[in-house]
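Enquirer: Take a look at the following structure, please.
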Amino acid sequence: MTYRKFITSVLKDPHIAALSKSSKFVCERVSREIKPGCKYIVEYGAGDGVITKYLLRALPPDGKLVAIEKNKELLSELRRIEDKRLVSLDADVVHVSKNLNALGLPKIHAIISGIPFSFLAPQARRELVERSHRALETGGLMLLYQHSFLMASMLADVFGGVHVSFEPRNFLPYFIMQSTK
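105 is the number that my numbering gives to position 105 of the sequence shown; each next residue is one higher, with no gaps.
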């Protein structure tokens, strides 16, 4: 997706918080956290697939990635990625999270999220994190990349801990928050 088309999508949809696509530095940092043995991943707010492509590179040949996106223009770009391990879902993450087992994955090893949690009501944020925690396999990873530090304390509360790093090489910079079940 061209930068111009991306910006047009951003301007039309008030639910998109990004002002630019995630940089290669963000994509590399996020995908580096996909460890060997991590076969089943759910991506909340996959956008046009810029991070999805990096996640697929880290995914084993027998893995599966379910990428959820509700913006139709971004979803159209996401669906241009040709990889049999990718399932793109036209849905709202908050609704899908009510039954993550319905995604058809035998387990969920990692949940990667770029959705703007600041746009959700506090109760919806908490429910989404708690549902994600319940759905993850023991040892599973929840990773959020966000422009604010907002979710760190909630992740620590639900998961019992959080590791936060900062990636300045993006416009706007990201906090990368990771918690393990």
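Where is the CB? At the ideal position from N, CA and C, for every residue including glycine.
#1: With a threshold of 6 Å on Cβ separation, who are the neighbours of Ser183 within its own chain once the five nearest residues in sequence on each side are excluded?
#2: What is the residue span of the alpha helix (DSSP H) that Val96 lies within?
#3: At 3 residues or longer, and completely inside the stretch 72 to 160: list those beta strand (DSSP E) runs for me, N to C.
#4: Three-state secondary structure (DSSP) at Phe171?
#5: Would you be able to state if there are at least three C-beta pairs under 8 Å between the stretch 105 to 114 and the stretch 135 to 145?
#6: For Tyr40, which residues from the same chain have a beta carbon less than 6 Å from its beta carbon, with the 5 sequence-adjacent residues on both sides left out?
#7: Determine the burial state of Glu82: buried for a count of at least 16 other Cβ atoms within 10 Å of its Cβ, exposed for fewer.
#8: Assign Ser88 to one of two classes, buried (16 or more other C-beta atoms within 10 Å of its C-beta) or exposed (fewer than that).
#9: Taking DSSP as the reference, what is the three-state secondary structure of Ile41?
#10: If Phe159 and Thr180 are in contact, beta carbons under 8 Å, what's the gap, nearest whole angstrom?
#11: Just the C-alpha distance for Val10 and Val94, rounded to the nearest angstrom, thanks.
#12: Are Gln146 and Val162 close, meaning C-beta to C-beta below 8 Å?
#13: Since Glu69 sits in a beta bridge, which residues does DSSP pair it with?
#14: What number of angstroms, rounded off, separates the C-alpha of Arg131 from the C-alpha of Leu100?
#15: What number of angstroms, rounded off, separates the C-alpha of Ala91 from the C-alpha of Met154?
#16: Going by beta-carbon coordinates alone, are Ser118 and Leu150 separated by less than 8 Å?
Expert: If we stick to the structure as given:
#1: With the chain running from 1 to 181 in the structure shown, residue 183 is simply not present.
#2: Here residue 96 corresponds to residue number 96 of the sequence shown, with the count starting at 1. Counting along the chain, the alpha helix (DSSP H) containing Val96 begins and ends at Val93 to Val96.
#3: List check, beta strand (DSSP E) in window: 86 to 90, 110 to 113 and 141 to 146.
#4: For this step, residue 171 is matched to residue 171 along the sequence shown. The answer is coil: DSSP assigns Phe171 none of H, G, I, E or B.
#5: With the cut-off at 8 Å, the stretch 135 to 145 and the stretch 105 to 114 touch.
#6: As a working note, residue 40 is residue 40 in the sequence shown. When the five nearest sequence neighbours on each side are left out, the beta carbons in the same chain lying within less than 6 Å of the beta carbon of Tyr40 are those of Lys64, Leu105, Lys107, Ile108 and His109, in order along the chain.
#7: Working through the sequence shown from its first residue, we reach residue 82 at position 82. Around the Cβ of Glu82, a 10 Å sphere holds fewer than 16 other Cβ atoms; the residue is exposed.
#8: Along the sequence shown, read from residue 1 onward, the residue named residue 88 stands at position 88. That one is buried.
#9: The residue given as residue 41 occupies position 41 in the sequence shown. Judged by DSSP in its simplified three-state form, Ile41 adopts strand.
#10: Residue numbering aside, residue 159 sits at position 159 when the sequence shown is read from its first letter. Residue numbering aside, residue 180 sits at position 180 when the sequence shown is read from its first letter. Phe159 to Thr180, Cβ: 7 Å. Contact.
#11: Position 10 of the sequence shown, counted from the start, is the residue given in the question as residue 10. Position 94 of the sequence shown, counted from the start, is the residue given in the question as residue 94. At Val10 the pLDDT is 46, less than 50, meaning the model places this residue with poor confidence; the figure from the coordinates comes in the next sentence. Spanning the two alpha carbons is a distance of roughly 20 Å.
#12: Counted from its first residue, the sequence shown places residue 146 at position 146. Counted from its first residue, the sequence shown places residue 162 at position 162. Against a cut-off of 8 Å, the Cβ pair of Val162 and Gln146 comes out as no contact.
#13: Along the sequence shown, one-based indexing puts residue 69 at 69. Asp90.
#14: In the sequence shown, the residue the question calls residue 131 occupies position 131. In the sequence shown, the residue the question calls residue 100 occupies position 100. Cα-Cα distance, rounded: 8 Å.
#15: Here residue 91 corresponds to residue number 91 of the sequence shown, with the count starting at 1. Here residue 154 corresponds to residue number 154 of the sequence shown, with the count starting at 1. Taking the straight line from one Cα to the other gives about 24 Å.
#16: Residue 118 sits at position 118 when you count from the first residue of the sequence shown. Residue 150 sits at position 150 when you count from the first residue of the sequence shown. Yes, the pair counts as a contact, with Cβ atoms nearer than the cut-off.
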